[in-house]
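Protein chains in written order, with this note's numbering: chain A, 118 to 228; chain D, 872 to 983.
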């Protein structure tokens with residue numbers, strides 16, 4: 118069966134520090150991969166999606182970036198975090214046009 | 872691009888009553904409409920979905936209706952139970968097929 122792993126689960130970082138969140142999917146090939154952000158009490162905002170290795174589509178201008186170095190690995194990064202980057206980050210995958218499956222999330226607090 | 876609006880933002884019902892959450896979408900090419908439930912501190916999980924060639928779908932106490940002409944879709948929960956308390960998100964996936972855009976969420980409280 119397919120599983121999705123996302124880490125770290127919790128992160129507290131100072132303003133201006135770098136960020137790296139990692140997500141891996143097991144049990145499937147060539148998944149569509151997504152990064153969403155959920156601000157406190159808010160909805161799920163699509164940040165990036167990828168339909169293949171090295172293919173990244175960005176949905177919102179921001180100081181975050183995403184990379185897909187391997188078929189089932191998706192990384193969210195920042196060179197310098199802002200206070201507004203705080204939130205709950207969710208990685209997700211889908212197979213073709215099927216259901217989205219979410220990871221357990223990474224809670225980022227920028228101080 | 873697609874925009875999804877969801878109402879109400881908060882809904883409080885008595886146990887056993889029905890709950891209805893409504894969403895509208897902007898992209899007439901959207902063809903897939905999932906609903907997710909997120910319990911406190913957990914990941915969102917799919918509870919029901921509907922495709923644009925169907926007007927209604929039911930799964931036990933949960934039903935979803937879709938009006939393509941008006942670009943409206945709704946979630947209906949009957950005989951609510953305290954364990955139904957959670958945040959519910961509607962979403963729409965556009966004609967391009969890869970982007971699922973979510974509404975802002977509805978926090979449902981079911982009072983025992």
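Quick reminder that beta carbons are idealized off the backbone N, C-alpha and C, glycines included. Fair warning: this is a prediction, and the values are worked out from it, not measured in the lab.
For residue i, return the contacting residues in chain E, with the cut-off set at a CB-CB distance below 9 Å.
i	result
residue 905(D)	Absent here is chain E; the protein component of the structure consists of chains A and D.
Quick check on DSSP: helix, strand or coil for residue i?
i	result
residue 954(D)	helix
residue 201(A)	helix
residue 890(D)	strand
residue 226(A)	strand
residue 982(D)	strand
residue 883(D)	strand
residue 938(D)	strand
residue 188(A)	coil
residue 143(A)	strand
residue 219(A)	strand
residue 960(D)	strand
For a cutoff of 8 Å on Cβ pairs, would you count residue i as touching chain D?
i	result
residue 177(A)	no
residue 221(A)	yes
Short of 7 Å in beta carbon distance, which residues of its chain neighbour residue i, apart from the five on each side in sequence? Order them along the chain.
i	result
residue 939(D)	923
residue 887(D)	950, 951
residue 188(A)	146, 147, 170
Going by Cα to Cα distance, which pick from the options is closest to residue i?
i	options	result
residue 183(A)	203(A), 208(A), 218(A)	208(A)
residue 934(D)	907(D), 953(D), 911(D), 880(D)	907(D)
residue 133(A)	217(A), 225(A), 198(A), 206(A)	198(A)
residue 918(D)	905(D), 878(D), 963(D), 895(D)	905(D)
residue 979(D)	890(D), 931(D), 929(D), 914(D)	890(D)
residue 211(A)	884(D), 899(D), 971(D)	971(D)
residue 982(D)	872(D), 883(D), 879(D), 873(D)	883(D)
residue 165(A)	221(A), 180(A), 159(A)	180(A)
residue 879(D)	931(D), 894(D), 872(D)	894(D)
residue 219(A)	175(A), 148(A), 130(A)	148(A)
Does residue i have its Cβ less than 8 Å from a Cβ in chain A?
i	result
residue 932(D)	no
By Cβ distance, which residues of its chain are closer than 8 Å to residue i, with the 5 residues on each side in sequence left out?
i	result
residue 962(D)	875, 904, 905, 906, 907, 971, 972, 973, 974
Identify, in the order they occur along the chain, each residue of the same chain with its Cβ nearer than 6 Å to the Cβ of residue i, setting aside the five sequence neighbours on each side.
i	result
residue 965(D)	873, 898, 900, 901
residue 167(A)	150, 173, 185
residue 921(D)	904, 928, 935, 937
residue 122(A)	141
Point to revise | Residues from the region 141 to 172 of chain A in contact with chain D, defined by Cβ distance under 7 Å | key: Against chain D - using a Cβ distance shorter than 7 Å - the residues of the region 141 to 172 of chain A are 149, 159, 160, 161, 163, 166, 168.
**Study point:** Residues from the region 957 to 981 of chain D in contact with chain A, defined by Cβ distance under 7 Å
**Key:** So the list reads 960, 968, 969, 970, 971, 972, 973, 974, 975, 976, given in the order they occur along the chain.
Review point. Going along the region 916 to 930 of chain D in order, which residues come within less than 9 Å of chain A, judged by CB to CB distance?
Key: Hits within the stretch, in order: 916, 917, 920.
Check your understanding: For the region 200 to 214 of chain A, which residues have a beta carbon sitting closer than 7 Å to at least one beta carbon of chain D?
Key -> Answer in chain order: 207, 214.
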